[in-house]
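Visitor:
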Amino acid sequence: MINQIWMPPYVLYWMFAFRRVNYNFSLQRAIEWANKLSKPLLIFEPMTIDYPMASIRFHKFAIKGDPRFSKTNEKSKAFYFPYFEKKKGVLRINY
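All residue numbers for the sequence shown refer to my numbering, where the first residue is 1092 and numbers rise by one.
1) Is the segment 1138-1146 in contact with the segment 1109-1125, if contact means three or more CB pairs nearer than 8 Å?
2) Which residue from F1172, K1177, K1178, K1179 puts its Cα closest to that of F1107?
3) Go ahead and pull the three-state DSSP assignment for K1130.
4) With distances taken from CA atoms, which of R1110, L1133, I1122 is nearest Y1101?
5) For E1136, count neighbouring C-beta atoms within 10 Å of its own C-beta (all shown protein chains included) and say buried if the count is 16 or more, exposed if not.
6) Who are V1102's beta bridge partners in DSSP?
7) Distance, Cα to Cα, I1122 vs M1098?
8) Report all residues from its chain with a CB closer than 7 Å to the CB of H1150; omit the five preceding and five following residues, and keep chain order.
9) What distance in whole Å lies between the Cβ atoms of D1141 and K1179, which are believed to be in contact at a cut-off of 8 Å?
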């Protein structure tokens, strides 16, 4: 039982800063690792209402999906998954 390790069916990239697609070395490393493991990449971006610099405009932009991620992900096995708070202190998943 100790030698059995659960391996998720994807590589998780937890994005909390550096939203750019180009010149993002942590995202580049996650892509390389996903390719090495032959697994899809899940780009997970959690957002709360009360973080510094929070705005309705930015949240709408993230909910629609960053077009740079869409263009980059069209030819890859990468998926962008934003996670939002509906009210302060209560998180919900945005499908």
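Note that beta-carbon positions come from the ideal geometry of N, C-alpha and C, so glycine has one too. These figures come from a predicted structure and were not determined experimentally.
Guide: Judging by the given coordinates:
1) no
2) F1172
3) coil
4) L1133
5) buried
6) L1132
7) 17 Å
8) M1138, F1175
9) 6 Å
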